[in-house]
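Asker: Heads up: the sequence shown begins at 1 in full-length UniProt numbering, then just goes up one per residue.
Yeah, the Cβ is synthetic: ideal placement off N, Cα and C, and Gly gets one too.
Following this message is one structure expressed as structure tokens.
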Amino acid sequence: MWYASQRTTTEQGYYINNHNVQRQTSTKSKSHSSGEDDIDGSEKEDVVDDMCDQIQEVSTLRTPTMELSGHMGVVVAADWMAEGSQVITASWDRSAILFDAETGEQIITLTGHDQELTDVRAHPTQRLAVTSSKDTTFRLFDMRDPNLLVNVFQGHSQPVTSAVFAGSENVVSGSDDRTVKVWDLKNMRSPIATIRTDSSVNRLAVSGSHNCIAIPHDNRHIRLYDIHGNRIGRLPRSNRQGHSKMVTSVCWSETENTVCNLFSCGFDRQVLGWTINFQSKE
Numbered sequence: 001m002w003y004a005s006q007r008t009t010t011e012q013g014y015y016i017n018n019h020n021v022q023r024q025t026s027t028k029s030k031s032h033s034s035g036e037d038d039i040d041g042s043e044k045e046d047v048v049d050d051m052c053d054q055i056q057e058v059s060t061l062r063t064p065t066m067e068l069s070g071h072m073g074v075v076v077a078a079d080w081m082a083e084g085s086q087v088i089t090a091s092w093d094r095s096a097i098l099f100d101a102e103t104g105e106q107i108i109t110l111t112g113h114d115q116e117l118t119d120v121r122a123h124p125t126q127r128l129a130v131t132s133s134k135d136t137t138f139r140l141f142d143m144r145d146p147n148l149l150v151n152v153f154q155g156h157s158q159p160v161t162s163a164v165f166a167g168s169e170n171v172v173s174g175s176d177d178r179t180v181k182v183w184d185l186k187n188m189r190s191p192i193a194t195i196r197t198d199s200s201v202n203r204l205a206v207s208g209s210h211n212c213i214a215i216p217h218d219n220r221h222i223r224l225y226d227i228h229g230n231r232i233g234r235l236p237r238s239n240r241q242g243h244s245k246m247v248t249s250v251c252w253s254e255t256e257n258t259v260c261n262l263f264s265c266g267f268d269r270q271v272l273g274w275t276i277n278f279q280s281k282e
């Protein structure tokens, strides 16, 4: 195991500490710097025993409890609906399907995209779902209405790799056009913030407790922004501290007092855990 930590003060008045935990034969980490906004690690000579103790063995699940059938193409994403009794899935067959998680039955099929879907996300509290697609659009499906209201959003010039809800009022979309856009659900004619980057954006995630957007890139970077589009920082990108190949997806944990609250995975076959601590500057 190795551990890296650095405290950085941001322009937005937050202190950010990050810890990267990963199985290694060495107990030391090497400091690395590749840019002014990096959140880099400092050298540590000892293994962090308390973090090791919190990593528990997970039993292997050998057989599924249920199989959800209905798609005619590759299934690329699934998410729980707010009430916890339904699951929504997305596929390369250009559709999303809402399933009953208790019976496995199909409830409704969501269609309309012209090309393969890349992701699907459910609203945290409402019967809303957002699908993203290679057709450069993302769609908001309102299942609260018996007629199933659908809104199509065309804010990107290349495939939309993900669109996620940020709290109850916003949607954040990312694209191969190297931009991330923040939208207000009450008025989604144009984005309220646009983040321009230097690399294609993959499956991003938004922290519910801090509204922090974690953006994984093709160029191995993971960048952090607030919901207003202000840059917070960038995680390490050296082979010893970060990913050595494309970062495909990130996910926040909202559980308090955990070893890691941000996870990332990539083409380097690694899943890395990070601890991002936000403290208001006094």
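#1: Could you pull the start and end residues of the beta strand (DSSP E) that residue 92 belongs to?
#2: Whose C-alpha, out of 200, 145, 222 and 198, is nearest the C-alpha of residue 206?
#3: Look at the alpha carbon of residue 152 and the alpha carbon of residue 135, and state the distance between them as a whole number of angstroms.
#4: When you compare only the Cα positions, how much space is there between residue 126 and residue 91?
#5: CA-CA distance, residue 250 and residue 216?
#6: Nearest by alpha-carbon distance to residue 113: which of 89, 123, 138 and 85 is it?
#7: From the DSSP secondary-structure annotation, give me the bridge partner or partners of residue 205.
#8: Quick one: complete alpha helix (DSSP H) runs, 4+ long, within the UniProt repeat "WD" (153 to 193)?
#9: Any C-beta of chain B sitting closer than 8 Å to the C-beta of residue 96?
#10: Beta-carbon separation of residue 204 and residue 180 under 8 Å?
#11: Considering only the beta carbon of each residue, do residue 129 and residue 80 sit closer than 8 Å?
#12: Just list the residues that DSSP pairs residue 142 with in beta bridges.
#13: Measuring straight from C-alpha to C-alpha, what distance separates residue 105 and residue 143?
#14: Is it true that the CB of residue 133 sits closer than 8 Å to the CB of residue 158?
#15: For my contact list, residue 77 and residue 89 are in at a C-beta cut-off of 8 Å; report their separation, rounded to the angstrom.
#16: With DSSP as the reference, identify every bridge partner of residue 106, one or two as the case may be.
#17: Can you tell me whether residue 42 is buried or exposed, with buried defined as 16 or more other CB within 10 angstroms of its CB?
Answerer: Once the coordinates are examined:
#1: Careful: residue 92 lies outside any beta strand (DSSP E) and carries neither H nor E.
#2: Nearest option by C-alpha distance: 222.
#3: 11 Å
#4: 22 Å
#5: 7 Å
#6: 138
#7: 214
#8: none
#9: Of the protein chains in this structure there is only one, and it is not chain B.
#10: yes
#11: Residue 80 sits away from residue 129, with the two beta carbons spaced by 8 Å or more.
#12: 128 and 149
#13: 17 Å
#14: no
#15: Correct: roughly 7 Å between the Cβ atoms.
#16: Looking at the DSSP assignment, residue 106 forms a beta bridge with 99.
#17: Since pLDDT at residue 42 reaches only 39, below the 50 mark, its modelled position is unreliable, and the value read off the structure follows with that caveat. So residue 42 ends up on the exposed side.
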